[in-house]
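Visitor: Below you will find the structure I want to go over with you.
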Amino acid sequence: MSKTEITKRYILFVVSLFLAALGVAFTKRGELGVSPISSVANVMSCKYSFFSLGTWLIIWNCILIVGQILILRKNFQLIQFIQIPLSFLFGWFTNLGLYIVSFIPQNSYFIRLIMVMVGIIILGLGISFSVIANVVMNSGEAFVKAISDVTHKDFGNIKIAFDMLCVGASLVLSLLFFDFHIVGTREGTVISAILTGTVVKFFGRRFSKPLNFILCDK
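First residue of the sequence shown? That's 0 in numbering that gives the first Met the number 0, and the numbers climb one at a time after it.
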């Protein structure tokens, strides 16, 4: 793979990060819950608002990177440290996205539900672009892959279990922080868990060939 192709693929990956972050911002603005992997950071941002959701996502992603190191140990590749600056970039993009969507009114449940659906579509588009870029995984997917590699279990099954664990952890934190009330993890989280994979597949089928044509060296 030439330097030009690598550069183009990383540019696409950065674009995918912005889209994914914007999708998270839309779902957050809807206040019906965010995607499972962002749910813990969302609850933390509700409890400790001195840090924005974007900042909590940076912290959460860095925790997942440390988790990869502990799981893989000597098999952790140095190139994977690039996840750190990319995690910061995703957090900053999320904060930017929150500012962009802050002007959208949310005065009815229907509008909030529409915002969740729009967020899922944008998030799915971003994830599909990151898969097509094929240069590095985000920290959440890389953490799942690390567990899959060590346990020799199917990546998809580990991903489902990890998402459920994230949602479970966010619910426990919410109950502890808010006097046994559920805050930050709602029906939007469930909808996101159900639909995001389908949206990713939809965009992947439609954009994989044209984008790879642009990315690959002729």
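Virtual Cβ for every residue (Gly too), placed ideally from N, Cα, C.
Mind checking whether F75 and I68 have CB atoms under 7 Å apart?
Guide: Your numbering for residue 75 matches position 76 in the sequence shown. Your numbering for residue 68 matches position 69 in the sequence shown. Yes, the Cβ-Cβ distance between F75 and I68 is below 7 Å.
Visitor: Between the segment 6-18 and the segment 155-167, can you find at least three pairs of beta-carbon atoms closer than 8 Å?
Guide: Verdict: no, contact absent.
Visitor: Would you call F212 buried or exposed, if buried means 16 or more other Cβ atoms sit within 10 Å of its Cβ?
Guide: On the sequence shown, residue 212 is found 213 positions in, with the first residue counted as 1. Under this definition F212 is an exposed residue.
Visitor: Please tell me whether V166 and S38 are closer than 7 Å, where the distance is taken between their beta carbons.
Guide: Position 167 of the sequence shown, counted from the start, is the residue given in the question as residue 166. Position 39 of the sequence shown, counted from the start, is the residue given in the question as residue 38. Yes, the pair counts as a contact, with Cβ atoms nearer than the cut-off.
Visitor: Check whether the segment 124-131 touches the segment 37-54, counting contact only when three or more Cβ pairs, one atom from each stretch, lie closer than 8 Å.
Guide: With a cut-off of 8 Å, the segment 37-54 and the segment 124-131 do not count as touching, because too few Cβ pairs lie within range.
Visitor: Mapping the DSSP letters down to three states, classify V33 as helix, strand or coil.
Guide: The residue labelled residue 33 in the question sits at position 34 within the sequence shown. Coil at V33, not helix or strand.
Visitor: Return the Cβ separation of A132 and L11 in integer angstroms, given the expectation that the two are a contact with Cβ distance under 8 Å.
Guide: For the purposes of this step, residue 132 is taken as residue 133 along the sequence shown, with counting starting at 1. For the purposes of this step, residue 11 is taken as residue 12 along the sequence shown, with counting starting at 1. So it is a contact: roughly 4 Å between Cβ atoms.
Visitor: Indicate whether the contact test is met: 3 or more Cβ pairs, each with one atom in the segment 172-185 and one in the segment 27-37, closer than 8 Å.
Guide: Yes: the two stretches touch, three or more of their Cβ pairs being nearer than 8 Å.
Visitor: Go through its chain and collect everything with a Cβ distance to L97's Cβ below 6 Å, but skip five positions before and after it.
Guide: Position 98 of the sequence shown holds residue 97. A24.
Visitor: Report yes or no: do the segment 85-95 and the segment 56-63 share at least 3 C-beta pairs separated by less than 8 Å?
Guide: Yes, the segment 85-95 touches the segment 56-63.
Visitor: Could you check the C-alpha separation between C215 and G203 for me, to the nearest Å?
Guide: Sequence index remark: in the sequence shown, residue 215 carries index 216 (1-based). Sequence index remark: in the sequence shown, residue 203 carries index 204 (1-based). Cα to Cα, C215 sits roughly 17 Å from G203.
Visitor: Could you name the residues of the same chain whose beta carbon sits closer than 6 Å to that of S147, not counting the 5 residues immediately before and after it, in chain order?
Guide: Taking the sequence shown and counting its residues from 1, one reaches residue 147 at position 148. Correct list, in chain order: F154, I157.
Visitor: At what residues does the alpha helix (DSSP H) containing T184 begin and finish?
Guide: Stepping through the sequence shown from its first residue, residue 184 is reached at position 185. Careful: T184 lies outside any alpha helix (DSSP H) and carries neither H nor E.
Visitor: Could you check the C-alpha separation between I110 and L71 for me, to the nearest Å?
Guide: On the sequence shown, position 111 is the one that residue 110 refers to. On the sequence shown, position 72 is the one that residue 71 refers to. Roughly 44 Å between the two C-alpha positions.
Visitor: Could you compute how far the alpha carbon of K73 sits from the alpha carbon of C61?
Guide: Numbered from 1 along the sequence shown, position 74 holds the residue referred to as residue 73. Numbered from 1 along the sequence shown, position 62 holds the residue referred to as residue 61. K73 and C61: Cα-Cα distance of roughly 18 Å.
Visitor: My understanding is that L18 touches L85, with C-beta atoms under 8 Å, so please give their C-beta distance in whole angstroms.
Guide: Within the sequence shown, the letter at position 19 stands for residue 18. Within the sequence shown, the letter at position 86 stands for residue 85. At roughly 14 Å, the Cβ-Cβ gap does not stay under 8 Å, so L18 and L85 are not in contact.
Visitor: How would you call K27, buried or exposed, if buried means at least 16 neighbouring beta carbons within 10 angstroms?
Guide: Position 28 of the sequence shown, counted from the start, is the residue given in the question as residue 27. By the neighbour-count rule (16 or more Cβ atoms within 10 Å), K27 is buried.
Visitor: What runs of the alpha helix (DSSP H), each 4 residues or longer, lie entirely inside the segment 2-80?
Guide: Fully enclosed alpha helix (DSSP H) runs of 4 or longer: 2-29, 35-46, 52-71.
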